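**Student:**
2 protein chains.
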Amino acid sequence: MDRADFIEQFEQARAAREMLVFFCSCEINYSGRAEAHLPKGDRLIVIKQDGVFLIHQPEKGNPINYLKSGAELALEKFEGHLLLKGKYLPNKEFLDVEIYTIYDLLRRKLEDGQQQTLMGNEADMSDAIRDNPAMIARDFKPVSREEHTKVGFLDVFGHDGKGNLVVVECKRYTAGLSAVSQLHRYVAKIKQLKGTNKVKGVLASPKITSNAEEMLKSYGFEWRHVIPPHRAARHDKKQQSLTNF
Amino acid sequence: MDRADFIEQFEQARAAREMLVFFCSCEINYSGRAEAHLPKGDRLIVIKQDGVFLIHQPEKGNPINYLKSGAELALEKFEGHLLLKGKYLPNKEFLDVEIYTIYDLLRRKLEDGQQQTLMGNEADMSDAIRDNPAMIARDFKPVSREEHTKVGFLDVFGHDGKGNLVVVECKRYTAGLSAVSQLHRYVAKIKQLKGTNKVKGVLASPKITSNAEEMLKSYGFEWRHVIPPHRAARHDKKQQSLTNF
DNA sequence: TACTACATCTCGCAT
DNA sequence: ATGCGAGGTGTAGTA
Numbered sequence: 000m001d002r003a004d005f006i007e008q009f010e011q012a013r014a015a016r017e018m019l020v021f022f023c024s025c026e027i028n029y030s031g032r033a034e035a036h037l038p039k040g041d042r043l044i045v046i047k048q049d050g051v052f053l054i055h056q057p058e059k060g061n062p063i064n065y066l067k068s069g070a071e072l073a074l075e076k077f078e079g080h081l082l083l084k085g086k087y088l089p090n091k092e093f094l095d096v097e098i099y100t101i102y103d104l105l106r107r108k109l110e111d112g113q114q115q116t117l118m119g120n121e122a123d124m125s126d127a128i129r130d131n132p133a134m135i136a137r138d139f140k141p142v143s144r145e146e147h148t149k150v151g152f153l154d155v156f157g158h159d160g161k162g163n164l165v166v167v168e169c170k171r172y173t174a175g176l177s178a179v180s181q182l183h184r185y186v187a188k189i190k191q192l193k194g195t196n197k198v199k200g201v202l203a204s205p206k207i208t209s210n211a212e213e214m215l216k217s218y219g220f221e222w223r224h225v226i227p228p229h230r231a232a233r234h235d236k237k238q239q240s241l242t243n244f
Numbered sequence: 000m001d002r003a004d005f006i007e008q009f010e011q012a013r014a015a016r017e018m019l020v021f022f023c024s025c026e027i028n029y030s031g032r033a034e035a036h037l038p039k040g041d042r043l044i045v046i047k048q049d050g051v052f053l054i055h056q057p058e059k060g061n062p063i064n065y066l067k068s069g070a071e072l073a074l075e076k077f078e079g080h081l082l083l084k085g086k087y088l089p090n091k092e093f094l095d096v097e098i099y100t101i102y103d104l105l106r107r108k109l110e111d112g113q114q115q116t117l118m119g120n121e122a123d124m125s126d127a128i129r130d131n132p133a134m135i136a137r138d139f140k141p142v143s144r145e146e147h148t149k150v151g152f153l154d155v156f157g158h159d160g161k162g163n164l165v166v167v168e169c170k171r172y173t174a175g176l177s178a179v180s181q182l183h184r185y186v187a188k189i190k191q192l193k194g195t196n197k198v199k200g201v202l203a204s205p206k207i208t209s210n211a212e213e214m215l216k217s218y219g220f221e222w223r224h225v226i227p228p229h230r231a232a233r234h235d236k237k238q239q240s241l242t243n244f
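Here the protein sequences line up with chains A and B, keeping their order.
The first sequence runs 0 to 244 under numbering that gives the first Met the number 0.
The second sequence runs 0 to 244 under numbering that gives the first Met the number 0.
1. Closer than 8 Å, Cβ to any Cβ of chain A: which residues of the region 30 to 49 of chain B, in chain order?
2. Given ALA15 of chain B, which residues of its chain have a CB within under 7 Å of its CB, disregarding the five upstream and five downstream residues?
3. Could you list the residues in the region 194 to 219 of chain A with a C-beta less than 8 Å from some C-beta on chain B, going in chain order?
4. Return the chain-ordered ranges of every alpha helix (DSSP H) run that is complete within the region 87 to 168 of chain A and spans a minimum of 4 residues.
5. Within 9 Å (strictly less), CB to CB, does VAL225 of chain B reach chain A?
6. Which residues in chain B sit within 7 Å of ARG107 of chain A, going by Cβ to Cβ distance?
7. Are there 16 or more other CB atoms within 10 angstroms of the CB of SER240 of chain A, so buried, or fewer, so exposed?
8. Determine, for ASP235 of chain A, whether the minimum Cβ-Cβ distance to residues of chain B falls below 9 Å.
9. Based on Cα-Cα distance, which residue from B:LYS193, B:LYS161, B:GLU71 and B:TYR172 lies nearest to LYS149 of chain B?
10. Going by other Cβ atoms of all chains shown within 10 Å of its Cβ, with 16 needed for buried, is ALA12 of chain A buried or exposed?
11. Note down the Cα distance separating ALA174 of chain A from GLU71 of chain A, rounded to an integer number of angstroms.
12. Are the CB atoms of ALA203 of chain B and ASP154 of chain B within a distance shorter than 9 Å?
13. Suppose contacts are defined by Cβ-Cβ distances below 9 Å. Is LEU94 of chain B in contact with ASN64 of chain B by that definition?
14. What residues in its chain sit with their C-beta under 6 Å from that of LEU105 of chain A, if we drop five residues either side in the sequence?
15. Measure the CB-CB distance between LEU83 of chain A and VAL96 of chain A and report whether it falls below 9 Å.
16. List, in chain order, every chain A residue whose beta-carbon is nearer than 9 Å to that of SER68 of chain B.
17. What do you get for HIS147 of chain A, buried or exposed, if any count of 16 or more other CB atoms within 10 angstroms of its CB means buried?
18. Measure the alpha-carbon distance for LYS236 of chain B versus VAL225 of chain B and round it to whole angstroms.
19. Using the rule of at least 16 other Cβ atoms within 10 Å of the residue's Cβ for burial, across every protein chain shown, is ASP41 of chain B buried or exposed?
20. Consult DSSP for ARG2 of chain B and reduce its assignment to one of helix, strand or coil.
21. Please confirm if SER125 of chain B has its CB atom under 9 Å from at least one CB of chain A.
22. Thinking just about the alpha-carbon of each residue, which of A:PRO57, A:LEU66, A:LYS39 and A:PRO62 is nearest to the one in VAL51 of chain A?
23. Using 8 Å as the Cβ pair cut-off and three pairs as the minimum, do the region 164 to 172 of chain B and the region 114 to 124 of chain B touch?
24. Would you say ASP111 of chain A lies against chain B (beta-carbon separation less than 9 Å)?
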């Protein structure tokens, strides 16, 4: 594509707050949270209406370079080719793209005010536990869920019939060492805050690594095998009837 | 764009392993690690040569829906419109896109074998500490760096002149509670493994949150103010001469 | 703004 | 394949 034509398309797209995507050959320098350089190659460049700036290589899922929403963009001529300069000032980030060839370009105003509905996240898991406290223990009485406290963010918090406070940490996937550390932190804080040692820690997840289980036991905590609601719905019909009502 | 034309373009692009991007109006269902639904709206769809499948709304940086490299795609007619079905079998993930209108399309084989060079990551930071151990303590002697052990991944490990083992955990940015927990885990493991209590924990980062600092002190650990190399290069000329050699 | 934790996290590396 | 931790993580929610 002709250089002057590209400049015009770029300016019009930005002025109209349209989405702009193009294939090009380019070389990239990033400076900000790190320093990075990517030699010349073919890429897809996406510029969104809100300033989001994405550069994708032909493989792999993540953009190789990017700036966040709110970035400012400027296109200028530079030593016989084009220089597309992006900056995101809040983080002092700069993304400079030397563009050698523009192959193809699309631009369009996209209309989309929709939000995704999602189920099966960690909040849904703590919901299920609150509604079926027997998952944790016969005598477990949850009193709060997803609560931000001075202690931190407790997934489920309650007590049992023996005068123990109970802290439950949920993980949607295999719980590892960091999950145990997190639980340990919460339990320690609760002990300190309430001035008691009668605090139990429970980790609820569909799976746990052997190292994590060992560490969990060394702290005197317990693990409960809990399958997140949406997966229970597909893998276990009985579980579904428990968790979805 | 005409439906039959789109089908042909899609099939050709996939057969030739080209990158394919298009604007469309669509409705999306995802099932796999969670269950999600996104009502009809305008989006950018990107299909990469390796099967990466990205759907972007007109704002925000991350794709609203996606499948990873290796996904299989199939396009079929469905009740008067088109259905683009993606599946990623290793995780039993399914991404179905009902396409109502195709606005524009680009496809091209992109040639790019380049890799990004990056400096200023955590490894560079542990390098700098290894080369300037006085950053941690006058008498600190590093013996290893970036080492995978049974204990975990130790950024810098060494000893001081008083017979203490020293574990250093680096963070490129503000260290929070989880960084302290991580350090605590490493120190505990080292104590257990070496059968000694003479193990010191040091957290090195440019910043630390107040809660994290409090927790750090309660464990008897210490914090060192360390600026990652690439930022030191821009903010402190003296630091540059130390760290870049 | 600072702080915290989730994420359909992704990715690389080592076992 | 699993385990583990980094990431230019991004993003949401709260104090």
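All C-beta atoms in this analysis are idealised placements derived from N, C-alpha and C, irrespective of residue type, glycine included.
In this text the structure is predicted, and so the values were computed from the model without any measurement.
**Tutor:** Taking the geometry as given:
1. ARG32, ALA33, GLU34, ALA35, HIS36, LEU37, PRO38, LYS39, GLY40, ASP41, ARG42, LEU43, VAL45, LYS47, GLN48 and ASP49
2. LYS108
3. MET214
4. 121 to 130
5. no
6. PHE22, TYR102 and ASP103
7. Note that SER240 of chain A has pLDDT 34, beneath the 50 cutoff, so the model's placement of it is unreliable and the number below is only indicative. Classification for SER240 of chain A: exposed.
8. Low confidence applies to ASP235 of chain A: its pLDDT is 48, below 50, so where it sits in the model is not reliable, and the reading given next is rough at best. With 9 Å as the cut-off, ASP235 of chain A does not count as an interface residue toward chain B.
9. B:LYS193
10. buried
11. 41 Å
12. yes
13. yes
14. VAL20
15. yes
16. GLU58, LYS59 and GLY60
17. exposed
18. Residue placement at LYS236 of chain B cannot be trusted, given a pLDDT of 37 that sits under 50; what the coordinates show is reported in the next sentence. Going by the C-alpha atoms only, they are around 15 Å apart.
19. buried
20. helix
21. no
22. A:LEU66
23. yes
24. yes
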